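Residue numbers (the numbering used here), protein chains in the order written: chain C, 77 to 437; chain U, 2 to 240. Note sheet for the following structure.
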């Protein structure tokens with residue numbers, strides 16, 4: 077009952093605070109619009125699998141000539157001996173694409189008709205389009221060097237998504253997760269700093285209520301807010317931008333709420349270090365910048381410089397965004413996103429405990 | 002057990018500043034005990050230690066037989082802090098504040114809330130947002146919150162600060178009624194006339210207790226004619 081009382085009281089207060097209400101309703105829409113109309117990125121270190129069964133003709137192997145022309149700064153080539161093995165790795169995104177050359181590929185080129193197949197993870201259209209474009213370019217370069225246009229037929233197969241998957245479809249699910257998480261952190265941080273500065277927190281702490289009830293009351297209130305925010309974000313995405321969600325919507329929302337609670341509890345813990353609301357705002361660049369630019373929301377992790385990538389693993393939102401994308405775009409179930417969920421659960425539980433400890437201050 | 006509060010050689014510093022310097026006093030059950038002194042004397046620090054909000058550097062403290070900060074102890078203590086806004090939710094109504102804090106004490110019935118609203122005469126303001134109330138009305142709400150759990154011990158930090166003289170008279174009428182019902186009250190004030198209304202006093206200055214006892218005992222010890230003169234004489238000796 078005490079937990080419920082804290083939750084009801086928190087919700088009632090927020091509903092009367094114009095600034096907080098504005099953050100709940102306007103910010104998600106602004107976030108979506110900004111995201112919807114902007115994006116850019118450069119790509120490095122994409123792993124692609126090659127199954128090269130081409131035996132060549134004489135001392136010529138055309139498939140190898142094509143592979144040689146791949147930019148090694150952009151691609152890391154992983155060689156496979158069987159297509160099944162390569163496709164298994166593509167299924168779990170160990171590689172982002174697989175190129176398959178059959179045994180008679182070079183002979184087919186010489187005799188005027190060659191086929192080869194590329195398998196792509198269409199869940200990330202930026203990378204899929206880049207791989208396809210670079211294959212065409214490699215063939216083009218080869219043609220220019222040898223002075224003829226070889227008769228290729230490239231068969232594209234997508235394991236997830238597809239040619240009709242737009243940039244927005246691929247990135248909006250992650251954006252929903254990020255917006256809900258960051259906004260819940262901001263709202264909690266400000267609410268808790270206000271509780272501290274106005275003395276209401278200490279007044280609560282000198283009642284028989286347990287500190288866990290206070291923390292869980294806040295968590296419950298913000299779980300409700302995060303759900304409402306996510307539904308607004310989702311509605312804007314579905315009805316204004318016509319975004320397609322391929323996976324389980326409930327699982328996707330579950331991930332968003334789990335991440336949101338983790339970030340909300342981070343807000344409580346951070347409030348210990350802000351004596352005023354103004355000070356609380358000073359945390360924002362520290363939280364926003366890495367979360368927005370380094371968690372794979374706006375661009376794939378492969379679009380980040382190599383030296384920055386380890387940092388992405390330290391940002392909890394990276395795992396949430398990855399899991400949400402896997403569910404929304406690739407239609408993955410709970411077992412496939414278990415590693416990300418585990419990291420998120422550890423983060424969220426740790427932050428809730430940290431928030432509880434912060435109440436000692 | 003005769004003492005509701007026992008404080009022995011209590012000290013607390015903020016950096017180099019000694020806010021409370023080895024003070025000792027006891028508050029007996031069924032009395033109004035006043036911690037009297039000017040701003041910065043160490044009254045609020047002492048109260049915060051008694052409420053478990055601050056930890057002392059040294060010394061021993063017992064409140065209702067327990068240690069400050071023990072959660073179960075708060076069931077029996079009513080507390081009104083000194084903070085300007087009296088630590089209430091400005092964007093909730095009088096009734097909503099009482100209902101919220103009541104639920105933290107397990108007090109959920111409307112009658113109990115109405116009883117404290119009537120006691121501090123806030124019936125007409127029960128549905129007003131606190132931000133629209135005057136300082137005096139907020140002080141009344143703070144007292145109502147302290148009374149919600151029918152406490153055995155009331156700890157009131159400057160309960161009448163910012164309260165107009167008429168209301169101060171009413172407050173003291175409330176305090177006397179509560180003591181007659183068996184409640185023990187520890188309060189702080191810097192008003193001399195309020196010192197005269199306490200059963201016993203501790204005069205605080207610069208973190209130290211200069212003297213404790215009834216007003217008569219203090220006047221007799223110092224040879225002063227009234228409280229203000231006694232306080233002035235004790236401070237002069239100390240300085």
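Beta carbons: idealized from backbone N, C-alpha and C, even for Gly. Bear in mind the structure is a predicted one, so any value in this text is a computation, not a measurement.
### Query
Cα separation between residue 265/C and residue 357/C?
So the alpha carbons of these two residues sit roughly 9 Å apart.
#### Entry: Cβ neighbour criterion (16 or more within 10 Å) applied to residue 165/U
Answer is exposed; the Cβ neighbour count stays below 16.
### Task
Verify the CB distance criterion: does residue 141/U have a CB-CB separation below 8 Å to chain C?
no
### Message
For residue 138/C, count the other beta carbons within 10 Å of its own beta carbon; 16 or more makes it buried, fewer makes it exposed. Which is it?
### Response
Residue 138/C is buried by the Cβ-count criterion.
### Query
Got a sec: which bits of the stretch 270-286 of chain C sit with their beta carbon under 8 Å from any beta carbon on chain U, in order along the chain?
274, 275, 276, 278, 279, 280, 281, 282, 283, 284, 285, 286
### Task
Find the residues of chain U that neighbour residue 77/C, judging by a C-beta separation of less than 7 Å, and give them in chain order.
104
### Query
Between residue 83/U and residue 276/C, what straight-line distance do the alpha-carbon atoms span, to the nearest angstrom?
12 Å
### Query
Below 8 Å, can you find three or more Cβ-Cβ pairs linking the stretch 252-259 of chain C to the stretch 415-432 of chain C?
no
### Query
Can you find a C-beta in chain U that's less than 8 Å from the C-beta of residue 172/C?
no
### Message
So, with DSSP's three-state summary, where would you put residue 10/U?
### Response
strand
### Task
Report the option in 179/U, 205/U, 235/U, 129/U whose CA atom is closest to the CA atom of residue 20/U.
205/U
### Query
How far does the beta strand (DSSP E) with residue 209/U in it reach, from first residue to last?
Here the beta strand (DSSP E) through residue 209/U covers 209-214.
### Query
Of all the CB atoms in chain U, is at least one closer than 8 Å to the CB of residue 81/C?
yes
### Task
Quick one: which residues of the stretch 310-327 of chain C get their C-beta closer than 7 Å to a C-beta of chain U? List them in chain order.
none
#### Entry: Cα-Cα separation, residue 201/C to residue 239/C
8 Å
### Message
By the 7 Å beta-carbon criterion, what residues does the stretch 22-51 of chain U contribute toward chain C?
### Response
none
### Message
Check whether the stretch 337-355 of chain C and the stretch 82-92 of chain C are in contact - that is, three or more C-beta pairs closer than 8 Å.
### Response
no
### Task
Count the other CB atoms, across all protein chains shown, that sit within 10 Å of the CB of residue 386/C; report buried if there are 16 or more and exposed otherwise.
Exposed.
### Contact check, residue 336/C vs residue 257/C, beta carbons under 8 Å
yes
### Query
If you draw a straight line from the alpha carbon of residue 141/C to that of residue 104/C, how long is it in whole angstroms?
49 Å
### Of the residues 210/U, 231/U, 229/U, 93/U, the one placed nearest residue 41/U, counting alpha carbons only
210/U
### Task
Have a look at 173/C, 414/C, 393/C, 390/C and flag the residue whose alpha-carbon is nearest the alpha-carbon of residue 161/C.
173/C
### Message
If you measure between the beta carbons of residue 124/C and residue 151/C, is that distance less than 8 Å?
### Response
yes
### Task
Measure the alpha-carbon distance for residue 437/C versus residue 106/U and round it to whole angstroms.
Residue confidence is low: residue 437/C scores 47 on pLDDT, short of 50, so the model does not pin down where it sits. Its coordinate-derived value is still stated next. Residue 437/C and residue 106/U: Cα-Cα distance of roughly 22 Å.
### Query
Mind checking residue 340/C: buried by the 16 CB within 10 Å criterion, or exposed?
buried
### Rounded separation between residue 189/C and residue 249/C - CA only
Taking the straight line from one Cα to the other gives about 42 Å.
### Message
Quick test of the definition: if touching needs 3 or more C-beta pairs under 8 Å, does the stretch 315-330 of chain C touch the stretch 390-410 of chain C?
### Response
By the Cβ test, the stretch 315-330 of chain C is in contact with the stretch 390-410 of chain C, since at least three Cβ pairs between them sit closer than 8 Å.
### Query
Since residue 99/U contacts residue 168/U with CB under 8 Å, what's their CB separation in whole angstroms?
19 Å between Cβ atoms; not a contact.
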